[in-house]
Amino acid sequence: MDYYAGVDLGATNVRAVVAEQDGTTIGADRRATPRGPTGIDVTEGVLRTLRGACGDAGITPTEIVAAGIGSIGPFDLAEGAVIDPANLPDSIDRIPLTGPIEKLIDSDEVYLHNDTNAGVIGERFHADRNPDDMVYITISSGIGAGVCCDGNVVSGWDGNAGEVGHYVVDPRGRLTCGCGRDGHWEAYCSGNAIPDYARLLAEDDPTIETDLPLDGPDFTAKDVFELAGEDELADYAIEQLAHWNAMGVTNVIHAFAPIVVSFGGAVALHNEELVVDPIRERVAESVMTNVPEIRVTDQGDDVVVEGALASALTGGTGDRQRL
Numbered sequence: 000m001d002y003y004a005g006v007d008l009g010a011t012n013v014r015a016v017v018a019e020q021d022g023t024t025i026g027a028d029r030r031a032t033p034r035g036p037t038g039i040d041v042t043e044g045v046l047r048t049l050r051g052a053c054g055d056a057g058i059t060p061t062e063i064v065a066a067g068i069g070s071i072g073p074f075d076l077a078e079g080a081v082i083d084p085a086n087l088p089d090s091i092d093r094i095p096l097t098g099p100i101e102k103l104i105d106s107d108e109v110y111l112h113n114d115t116n117a118g119v120i121g122e123r124f125h126a127d128r129n130p131d132d133m134v135y136i137t138i139s140s141g142i143g144a145g146v147c148c149d150g151n152v153v154s155g156w157d158g159n160a161g162e163v164g165h166y167v168v169d170p171r172g173r174l175t176c177g178c179g180r181d182g183h184w185e186a187y188c189s190g191n192a193i194p195d196y197a198r199l200l201a202e203d204d205p206t207i208e209t210d211l212p213l214d215g216p217d218f219t220a221k222d223v224f225e226l227a228g229e230d231e232l233a234d235y236a237i238e239q240l241a242h243w244n245a246m247g248v249t250n251v252i253h254a255f256a257p258i259v260v261s262f263g264g265a266v267a268l269h270n271e272e273l274v275v276d277p278i279r280e281r282v283a284e285s286v287m288t289n290v291p292e293i294r295v296t297d298q299g300d301d302v303v304v305e306g307a308l309a310s311a312l313t314g315g316t317g318d319r320q321r322l
C-alpha cells in the first residue's frame, strides 16, 4: 500500500501526519519547533516529527511515496529551504526542508508551500465543489493568503506570492507594519497590530471612554474582542477593523476572482461574528465583480497540516481528480 505525509512547520510547533491513499490518517506526531542554534537543528526537528508520525502509523519512512510541507517562510524554492524566518532566533538563517525529507522517504515527490498556500490546497481538497478558483485568508498574528486560480496554486517564482497582508490600505500610513513599511493591511488588522490600532484610535479621540488596558504590558487583541458590546472604544475599534478588512478582501477578490474565500487564523476563527460577518456584509457593497461565498474553514487549527497532506495526495494541487 502507498502512504502519504503532511508536515506543518510553524514558529511554535512542528506537526506531521501520515495517511493511506484515500486520505485516512493513520499516524500523527507533534513537537515544539527547535529554537536553534542553527537551521539544521530545525530540520532535524522536522525529520524527528515525521519519523514519529510514521512510527505512530506503524510504517517506515521509506513507505511514504509523497509528502507535502506547509511552512513559515520566506523561501528559497530552488534549494527547498526557509531563509531568515522572522519568528525564529536570528541565528537561524536557513532551514533545509525538501532535500532532507526526500532523502528520509526516498522519494522526490516532496511539495513545499508556504502555510497559506497549504491552507488553500487543503480548503480546496475538502470543499464540496473542489473549486478551481479559491482563496484562503489567514488573519492571525499576521495576514496572508493562499490563492488557487484556474486550478493552479499561485506560488510565485520564489514561493512567496500571497502576501496580501502587505496590501497598502491606508495611504496615510499612520501605522507601520512589522515588515517596516507603512499603511499595510496587516499593520491594522492582524492580531499583533490590533492593540496598537486601539491605542491610536484612543489618541485620536480622548473623549471615548474605555476599560481596555491600553497602557498595560499584556494588552492584546483578545481584550478588544472580549469587551465587544460593553466598551465604547472596543466597539469603535472593531468597527474600524471591519472597514480595513473589507478593503483588503475586496482587493483580493478583484485580483483573483475566487468562487470561495475561506478564512482561518486565530483572529478569524475565534471571532467569526465580529470579524468575518462584517466582511461578508461590507464586501457585497464594495465588489464590482461576482461576490464569492465567504466562509470560515472547517479544518480549524489543522488547516495547514491537512493542506500539506492534501498536497501530497494530489501532486501539490488539492484537485481531488488527482487522487
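In numbering that gives the first Met the number 0, the protein residues as written are 0 to 322. Note that beta-carbon positions come from the ideal geometry of N, C-alpha and C, so glycine has one too. Just so you know, these numbers come straight off a predicted model, no measurement behind them.
_the segment 251-269 touching the segment 295-309, judged by at least three CB pairs closer than 8 Å_ = yes
*asked:* In the DSSP output, what is residue 138 paired with across the bridge?
replied: Locating residue 138 in the sequence shown gives position 139, counting from the first residue. According to DSSP, which records beta bridges pairwise, residue 138 is partnered with 142.
*asked:* With distance defined between alpha-carbon atoms, name the residue in 75, 95, 275 nearest to residue 41.
replied: Stepping through the sequence shown from its first residue, residue 41 is reached at position 42. Looking at the Cα atoms, 95 is the closest of the given residues.
*For residue 213 versus residue 195, is the C-beta spacing smaller than 8 Å?*
On the sequence shown, residue 213 is found 214 positions in, with the first residue counted as 1. On the sequence shown, residue 195 is found 196 positions in, with the first residue counted as 1. Not closer than 8 Å, so no.
_Could you give the first and the last residue of the continuous beta strand (DSSP E) run that contains residue 261?_
Start at 1 with the first residue of the sequence shown, and residue 261 comes out as number 262. Segment 259-263, the beta strand (DSSP E) holding residue 261.
*asked:* Pop quiz: residue 182 and residue 169 are said to be a contact at Cβ under 8 Å. What is the actual Cβ separation, rounded to whole angstroms?
replied: Position 183 of the sequence shown, counting from 1, holds the residue named residue 182. Position 170 of the sequence shown, counting from 1, holds the residue named residue 169. Contact flag correct, Cβ pair sits at about 4 Å.
*With distances taken from CA atoms, which of 302, 236, 34 is nearest residue 113?*
If you number the sequence shown from 1, residue 113 lands on position 114. When only C-alpha atoms are compared, the closest one is 302.
_Can you find the residues in the same chain that come closer than 8 Å, C-beta to C-beta, to residue 315, ignoring five residues on each side of it along the sequence?_
Locating residue 315 in the sequence shown gives position 316, where the first residue counts as 1. If we look at residue 315 and ignore the five residues flanking it on each side, its Cβ neighbours are 67, 110, 112, 120, 152.
*Do you know whose CA, among 39, 235, 54, lies nearest residue 205's CA?*
Against the sequence shown, residue 205 aligns to sequence position 206. Nearest of 39, 235, 54 to residue 205, Cα basis: 235.
*Taking contact to mean at least 3 C-beta pairs separated by less than 8 Å, is the segment 252-259 in contact with the segment 221-229?*
no
*Local Cβ density within 10 Å of residue 107, reported as buried at 16 or more and exposed below that*: Here residue 107 is taken as the residue at index 108 of the sequence shown, counted from 1. When all chains shown are included, residue 107 counts as exposed.
*Rounded to whole angstroms, how far is the Cβ of residue 27 from the Cβ of residue 13, which I believe are closer than 8 Å?*
Working through the sequence shown from its first residue, we reach residue 27 at position 28. Working through the sequence shown from its first residue, we reach residue 13 at position 14. Contact doesn't hold; Cβ gap of about 12 Å is too wide.
_residue 70: first and last residue of the uninterrupted alpha helix (DSSP H) it sits in_ = Locating residue 70 in the sequence shown gives position 71, where the first residue counts as 1. Residue 70 -> not in any alpha helix (DSSP H); beta strand (DSSP E) instead, spanning 63-70.
*So, are the CB atoms of residue 249 and residue 282 less than 8 Å apart?*
Translated into the one-based positions of the sequence shown, residue 249 becomes position 250. Translated into the one-based positions of the sequence shown, residue 282 becomes position 283. Their beta carbons are under 8 Å apart, which means residue 249 touches residue 282 by this criterion.
*Look up residue 113 in the DSSP assignment and give the residues it is bridged to.*
Here residue 113 corresponds to residue number 114 of the sequence shown, with the count starting at 1. DSSP, once it has assigned bridges, lists 70 as partnering residue 113.
*Beta-carbon proximity check, residue 5 vs residue 311, cutoff 8 Å*: In the sequence shown, the residue the question calls residue 5 occupies position 6. In the sequence shown, the residue the question calls residue 311 occupies position 312. Cβ atoms of residue 5 and residue 311: closer than 8 Å.
*Counting pairs of Cβ atoms below 8 Å between the segment 74-89 and the segment 32-48, do you hit three or more?*
yes
*Where does residue 77 sit, in a helix, a strand or coil, going by DSSP?*
As a working mapping, residue 77 is identified with position 78 in the sequence shown. If DSSP states are grouped into helix, strand and coil, residue 77 belongs with coil.
*Environment of residue 381 [buried if 16+ CB atoms lie within 10 Å]*: Shown here, the chain extends from 0 to 322; a query on residue 381 therefore has no answer.
*For residue 271, is the classification buried or exposed, using 16 other Cβ atoms within 10 angstroms of its Cβ as the cut-off for buried?*
For the purposes of this step, residue 271 is identified with residue 272 of the sequence shown, where counting begins at 1. Exposed, by the Cβ-count rule.
*Look up residue 362 in the DSSP assignment and say whether it is helix, strand or coil.*
A question about residue 362 goes unanswered here, because the residues of the chain that appear run from 0 up to 322.
*Indicate the three-state DSSP secondary structure (helix, strand or coil) for residue 296 in the structure shown.*
Position 297 of the sequence shown, counted from the start, is the residue given in the question as residue 296. Coil, per DSSP.
*Is it buried or exposed for residue 357, if we count other Cβ within 10 angstroms and need 16 for buried?*
Lying before the first or after the last residue shown, residue 357 is absent from the chain, which here runs from 0 to 322.
*Check whether residue 3 and residue 62 have beta carbons under 8 Å apart*: As a working mapping, residue 3 is identified with position 4 in the sequence shown. As a working mapping, residue 62 is identified with position 63 in the sequence shown. Contact: no.
_Minimum C-alpha distance to residue 185 - residue among 138, 48, 318, 199_ = Counting from one through the sequence shown, the residue named residue 185 turns up at place 186. Answer by Cα proximity: 138.
_Would residue 97 and residue 145 be called neighbours here (beta carbons separated by less than 8 Å)?_
Residue 97 sits at position 98 when you count from the first residue of the sequence shown. Residue 145 sits at position 146 when you count from the first residue of the sequence shown. Not in contact: residue 97 and residue 145 (Cβ atoms no closer than 8 Å).
*For the segment 120-199, which segments carrying the alpha helix (DSSP H) assignment without a break, of at least 4 residues, lie completely within its bounds, in sequence order?*
185-188
*asked:* Going by DSSP in three states, residue 251 sits in which element: helix, strand or coil?
replied: Taking the sequence shown and counting its residues from 1, the one referred to as residue 251 is at position 252. Helix, per DSSP.
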